[in-house]
Amino acid sequence: MATERSIVILTGAGVSAESGVDTFRDRNGLWSKVDFRAVATPEGFAADPQRVHAFYNARRRGLAGVEPNAAHLALARLEAAWQGPFLLVTQNIDDLHERAGSERLVHMHGRLAAMLCANCGERRDWRGDMGVETPCPACRSVGFVRPDVVWFGEMPHHMERIYAALNAADLFVSIGTSGAVYPAAQFVQEAGRAGAHTVELNLEPSEGVGDFAEAIHGPAGSVVPRFVEDLIAGGR
Ligand code: APR
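Position 158 of the sequence shown, counted from 1, bears residue number 152 in our numbering, the numbering being contiguous throughout.
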């Protein structure tokens, strides 16, 4: 495909798996170890904020111990080489795409290394722990600081920009996601309806594999670099 055409890429936890970041629904995935309703819903946070803070504090501390893998680096190379419109939409809350050099990137489920104040709406980068006693750095209120992540039942971020990109896409590539969570799981239909060629790159067939025009299965660390090199070389 000529590199001035428009591309949208969606990533999920599978793109970070080879960096050592837990996925959610694989065997031994996060949701097999902890009930998502207790730690990834507004109700869970209201019921036991300290437990939710501890869950995200541990994952935020874990960011220091992981590195971008070959898939993250290949996607940053693709963005640099791509002359046309390019948008990388990630469901992940880790910072591995940024650390690999991706810039035209949106975190539709928020970011682990960021805080949100439920009192004044302030959002800031945040690398350390947070808790119920953490004062908001903007309004100084206590008890309103939370991880800037999108919980089940909350509205994902950047949806207008994402749908605009999907409707203008010539190519939609979904990488490392189970297709179990909406609205991300229906992006492939949105892009397909707009005439995009749709490709799934995943370790194994996802729930939505039937919606894709093409699927390549295998570990992202080897499948994604090969796919990207073909794309840049004009082989696709
Ligand atoms: N390479 C490629 N794909 C992989 C790899 C790998 N090394 N390892 C696992 N996968 C695939 C799995 O086969 C699975 O299809 O990645 C997918 C991970 O699926 P999930 O664990 O469901 O993660 P994800 O799709 O990102 O979840 C979506 O659910 O809990 C919410 O907010 C959370 O953003 C998350 C959303």
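We put the CB at the ideal spot given by N, CA and C, even for glycine.
* To do: Output yes if chain B places a C-beta closer than 8 Å to the C-beta of residue 112; else output no.
  => No chain B is present in this structure, which holds just one protein chain.
* **Closest by C-alpha distance to residue 53, when choosing among 127, 219 and 120** => 120
* **Nearest neighbour of residue 79, chosen from 90, 20 and 158 [CA to CA]** => 158
* To do: Answer yes or no: the CB of residue 180 versus the heavy atoms of the ligand APR, is any distance below 7 Å?
  => Residue 180 Cβ: outside cutoff for every heavy atom of the ligand APR.
* What separation, rounded to the nearest whole angstrom, lies between the Cα atoms of residue 208 and residue 85? -> 21 Å
* For the beta strand (DSSP E) that residue 153 lies in, which residues bound it at each end? -> Here residue 153 belongs to no beta strand (DSSP E); instead the alpha helix (DSSP H) covers 153 to 161.
* Cβ-based burial, residue 298 [other Cβ within 10 Å; buried from 16] -> Here the chain covers residues -5 to 230 and nothing more, so residue 298 does not appear.
* Start and end of the beta strand (DSSP E) containing residue 49? -> Premise fails: residue 49 lies in the alpha helix (DSSP H), 43 to 56, not in any beta strand (DSSP E).
* To do: Decide yes or no for the touch test of the stretch 139 to 153 against the stretch 103 to 110: beta carbon pairs closer than 8 Å, at least 3 of them.
  => yes
* **For residue 165 and residue 188, believed in contact at Cβ under 8 Å, the rounded distance** => Wrong, their Cβ atoms sit about 11 Å apart, outside the cutoff.
* CB contact flag (residue 214, residue 8, <8 Å) -> yes
* **Inside the stretch 75 to 155 only - beta strand (DSSP E) runs reaching at least 3 residues** => 80 to 84, 99 to 101, 104 to 111, 117 to 119 and 139 to 143
* Asked: Are the beta-carbon atoms of residue 182 and residue 202 separated by less than 8 Å?
  -> In contact: residue 182 and residue 202 (Cβ atoms closer than 8 Å).
* residue 124 versus residue 140 - alpha carbon distance -> 8 Å
* Buried versus exposed, by CB contacts within 10 Å (16 or more), residue 143 -> buried
* So which of 17, 155, 10 and 131 has the shortest CA-CA distance to residue 93? -> 10
* To do: List the whole-angstrom C-beta distance separating residue 99 from residue 91, where the pair is believed to meet the contact cut-off of C-beta under 8 Å.
  => 5 Å
* Asked: Leaving out the 5 sequence neighbours to the left and right, which residues in its chain are closer than 6 Å to residue 236 when beta-carbon positions are compared?
  -> Since the first and last residues shown for the chain are -5 and 230, residue 236 lies out of range.
* Work out the CA separation of residue 77 and residue 95 for me, nearest whole Å. => A straight line joining the alpha-carbon of residue 95 with that of residue 77 spans about 16 Å.
* Tell me, which residues are paired with residue 196 by DSSP? -> 211
* Identity of the residue in -2, 6 and -1 nearest residue 177 by Cα -> That would be 6, whose Cα lies nearest to the Cα of residue 177.
* Candidates 0, 12, 230 and -1, of which the one nearest residue 197 by Cα -> 12
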